[in-house]
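Written out below as structure tokens is the structure these notes cover.
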Amino acid sequence: MHIFESWVPILTRHIPSLRELDIDLSRTQDVMLMESHLFGGQPLRQLARLSLKNCIVPPKSNLLSTSLTHLSLAMGDYADYEPEWMSTAKFRSHLKSVPNLEELRLSDVLPYHDRETVEPTFSFPPTFKKLHVHCSNELVSERCYSQFWTHFRIPNTAVVVSLVYDHSSGFRASQALKPLVELDPLDPPPMEMWISQTSMRICFGERPRDEWTRCLVIPSPADMRASDTWEGTGGSRALYTDGLTATDYVSHKAFDVVRAINFSLDAAEAYDTPTEPAGLWISKFDTNALVKRISAPYTACGKLFNALAQRDTITGALRLFPQLEVIVFSDQTTVSGATLHTALDMALLDMLEVRREVGKAIRELLVARKMADWSVWENVGEGTYVTFFD
């Protein structure tokens, strides 16, 4: 650490005008426990951006200024880090010192919560805009990740992105989903959801019709690791993993109110199990009774069509998405227009007829233009409109 310490006197001269500070000590395993009054204790009244790697900020540090809007805390891949060094109480104190914070990045460093200690939930202010959490450290994911989302509440107007890469036996899929389900009950609920094998995303606002056919780009885990930016719009939360997110998905009451669900090709294939006529669709999504729109690649929808046609043996009610009105078929096709897919087409037409008979007709099919010459669209029946999109 002597190299950094040799720079402190030089930096001290410029503290009054310092607007951005980046201290990176991640080339070693050592973690520096910083002094409370760095740079002679001078207040950093102009400091807006602070990035620290392999550094632990003490309580009441002069680095945590009211002028701070962007804060990044990270540990290197080989850092000799102990989660107890940053307790929940200490991190709450840090956040109270930066009331104007707009963006927070936490990489393999999360507050540690002692389960025997009662701590009130900390709520980020409405002005907070972005939270990015990257967790690949086994110790941090097992001991800190889940508790962080329980004790720190983020407004649903903010962009929240969580990257979890953990292969330890003690880390469960339900823990990875925490940022998507730990929501403020007083805030509006999520309206739309995206699912793939490596990601999930929810947003809290309804997309306009002209965006229904827009495919969400799912970056690879390697791309997300390397990037210093992330995709996201206001009022959304995203989870990226290197696991099997779609396969491990478990229904949660936080998702029961969504109005639209978008399935990627690998997600649809994950639910298309050969041993069940309706795949896993009903067991995974039978509580999503308010869904009015779904999107999925057409050629991966065989078991989905079967599930959408199933009715309760006693009540006769539809078992999956009873309020469904619109289906968007993307062009992620695995068969060409020249290839016979008669069974798939018949499953679609049978499903449309069943739902029409119970008074729950599919109002519209939005179909990628690459499939426009398929004959099935001419036979969808009365009351269902087909619209092609580019």
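Residues in the sequence shown are numbered consecutively from 51, following the numbering used here.
Built from N, CA and C at the ideal position, the CB exists for glycine as well.
Residue i, DSSP secondary structure in three states
{"i": "Cys185", "result": "strand"}
{"i": "Leu61", "result": "helix"}
{"i": "Pro66", "result": "helix"}
{"i": "Met421", "result": "helix"}
{"i": "Lys334", "result": "helix"}
{"i": "Met82", "result": "strand"}
{"i": "Trp244", "result": "strand"}
{"i": "Lys179", "result": "coil"}
{"i": "Arg264", "result": "coil"}
{"i": "Leu230", "result": "helix"}
{"i": "His201", "result": "helix"}
{"i": "Asn429", "result": "helix"}
{"i": "Cys105", "result": "strand"}
{"i": "Arg361", "result": "strand"}
{"i": "Asp292", "result": "coil"}
{"i": "Asp316", "result": "helix"}
{"i": "Thr349", "result": "helix"}
{"i": "Phe141", "result": "helix"}
{"i": "Ala98", "result": "coil"}
Residue closest to residue i, alpha-carbon to alpha-carbon, out of the options
{"i": "Trp200", "options": "Phe178, Val211, Val214, Pro229", "result": "In the sequence under discussion, the amino acid at residue 200 is Thr, which differs from the Trp named in the question. Comparing Cα positions, the closest option is Pro229."}
{"i": "Pro28", "options": "Ser380, Lys103, Ala310, Ala139", "result": "A query on residue 28 cannot be resolved here, the shown segment of the chain reaching from 51 to 440 and no further."}
{"i": "Ser249", "options": "Arg193, Thr207, Asn312", "result": "Asn312"}
{"i": "Gly285", "options": "Asp164, Pro176, Arg343, Gly409", "result": "Pro176"}
{"i": "Met241", "options": "Arg155, Ala339, Thr116", "result": "Ala339"}
{"i": "Thr295", "options": "His302, Ala317, Ala393, Ala310", "result": "Ala317"}
{"i": "Asn356", "options": "Asp298, Arg405, Ala124, Val190", "result": "Arg405"}
{"i": "Ile73", "options": "Arg419, Leu236, Ser101, Asp440", "result": "Ser101"}
{"i": "Asp234", "options": "Asp440, Phe202, Phe178", "result": "Phe202"}
{"i": "Ser314", "options": "Asp381, Glu375, Asp306", "result": "Asp381"}
{"i": "Ala422", "options": "Phe379, Ala98, Thr392, Leu394", "result": "Phe379"}
{"i": "Ala346", "options": "Ala411, Thr337, Asp322", "result": "Asp322"}
{"i": "Val426", "options": "Glu407, Tyr348, Ala411", "result": "Tyr348"}
Buried/exposed call for residue i, threshold 16 Cβ in 10 Å
{"i": "Arg69", "result": "exposed"}
{"i": "Val341", "result": "buried"}
{"i": "Val300", "result": "exposed"}
{"i": "Gly409", "result": "exposed"}
{"i": "Ser173", "result": "exposed"}
{"i": "Val168", "result": "exposed"}
{"i": "Asn206", "result": "buried"}
{"i": "Gly126", "result": "buried"}
{"i": "Tyr290", "result": "buried"}
{"i": "Ala418", "result": "buried"}
{"i": "His144", "result": "buried"}
{"i": "Asn150", "result": "exposed"}
{"i": "Gln247", "result": "buried"}
C-alpha distance - residue i paired with residue j, whole-angstrom precision
{"i": "Cys351", "j": "Thr434", "result": "18 Å"}
{"i": "Phe438", "j": "Glu428", "result": "13 Å"}
{"i": "Leu94", "j": "Met82", "result": "20 Å"}
{"i": "Leu396", "j": "Gly431", "result": "What sits at residue 396 in the sequence shown is Met, not Leu. Using only the alpha carbons, I get a separation of about 12 Å."}
{"i": "Glu188", "j": "Asp158", "result": "9 Å"}
{"i": "Glu367", "j": "Arg361", "result": "According to the sequence provided, residue 367 is Ala. The question's Glu does not apply to it. Spanning the two alpha carbons is a distance of roughly 5 Å."}
{"i": "Val436", "j": "Val308", "result": "24 Å"}
{"i": "Leu154", "j": "Thr119", "result": "9 Å"}
{"i": "Arg413", "j": "Trp135", "result": "57 Å"}
{"i": "Val210", "j": "His182", "result": "6 Å"}
{"i": "Leu114", "j": "Gly91", "result": "12 Å"}
{"i": "Lys146", "j": "Pro324", "result": "53 Å"}
{"i": "His163", "j": "Asp400", "result": "54 Å"}
{"i": "Val214", "j": "Ala288", "result": "11 Å"}
{"i": "Ser86", "j": "Ser111", "result": "5 Å"}
{"i": "Ser224", "j": "Phe178", "result": "26 Å"}
{"i": "Pro161", "j": "Cys185", "result": "12 Å"}
{"i": "Asp306", "j": "Leu123", "result": "34 Å"}
Proximity test, residue i beta-carbon vs the ligand ADP heavy atom, cut-off 7 Å
{"i": "Lys334", "result": "Judged by which ligands are present, the structure shown has none, so any question about the ligand ADP falls away."}
CB contact check: residue i to chain B, cutoff 8 Å
{"i": "Asn104", "result": "Of the protein chains in this structure there is only one, and it is not chain B."}
For the region 327-339 against the region 252-264, are there 3 or more C-beta pairs whose distance is under 8 Å?
-> With the cut-off at 8 Å, the region 327-339 and the region 252-264 do not touch.
Are the region 190-200 and the region 240-256 in contact at 8 Å, needing three or more beta carbon pairs?
-> No, the region 190-200 does not touch the region 240-256.
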